[in-house]
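Below you'll find the structure, written out as structure tokens, and then a few comments.
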Amino acid sequence: MEGLNKINGTLIWYYYICPREVWLISHAIEANQDNDFLVLGRHIHEIFYKKQKKEILIDNTIKIDILFNKKVVGEIKKSSKFVKSARMQVAFYLYYLKQKGINLEGELLFPEERKREKVVLTKEIETELQKAIQDINKIINLDKPPKPKKIQYCKTCAYKEMCWS
Ligand code: SF4
């Protein structure tokens, strides 16, 4: 698909949260790495990885947390609060691999909540992803980032000082 080469799982995740963040990340604007929530996310990954395999990087585009039985792509999240973003991120991995002739299923893991959720790449989700990929490319190509909009995520966002001080 056209425009797929600039997209990665992180951009898909943020697309469903905040378009401004998509622009900032894609233009390599450094976020505050000491942000408590980034630190907590890294910590959960480290603890979980002691029991699981390391992440798999494909084409510098998708970073798969776990591959179960070579059939299921697993993605670890610290909470299910932004589950739509998480679902679409995994769906993007499945979509990307499908373009390479690899058909897999996905699973979201929320170790802190002891929850799991299956992700299947349906026709509807594929269509939605194609639209998201087009939109993200439009956002990336803007000269300036979209204006900040106060949303629930701003409270924990690593860019909050840049947007709101
Ligand atoms: S602080 Fe809010 S508006 Fe700014 S990038 Fe983060 S989520 Fe978007």
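Going by our numbering, the residue at position 3 of the sequence shown is 282; the numbering climbs one at a time, nothing skipped. Built from N, CA and C at the ideal position, the CB exists for glycine as well. Keep in mind it's a predicted model, so treat the numbers as computed, not measured.
Between residue 388 and residue 341 the beta-carbon gap is near 17 Å, outside 8 Å, which marks them as no contact. Annotated three-state conformation of residue 356 is coil, per DSSP. The C-alpha of residue 347 is placed about 19 Å away from the C-alpha of residue 391. Sequence-distant partners of residue 394 (beyond 5 residues in either direction) whose C-beta falls short of 7 Å from its own C-beta, in its chain, are 359. Look at the beta carbons and you see the stretch 297-305 not touching the stretch 365-385: under three pairs across the two are nearer than 8 Å.
Looking from the CA of residue 285, the closest CA among 364, 338, 404, 439 belongs to 338. 8 Å or more divides the Cβ of residue 308 from the Cβ of residue 293.
Of the heavy atoms belonging to the ligand SF4, at least one sits nearer than 7 Å to the Cβ of residue 427. No Cβ-Cβ contact shorter than 8 Å links residue 363 with residue 384.
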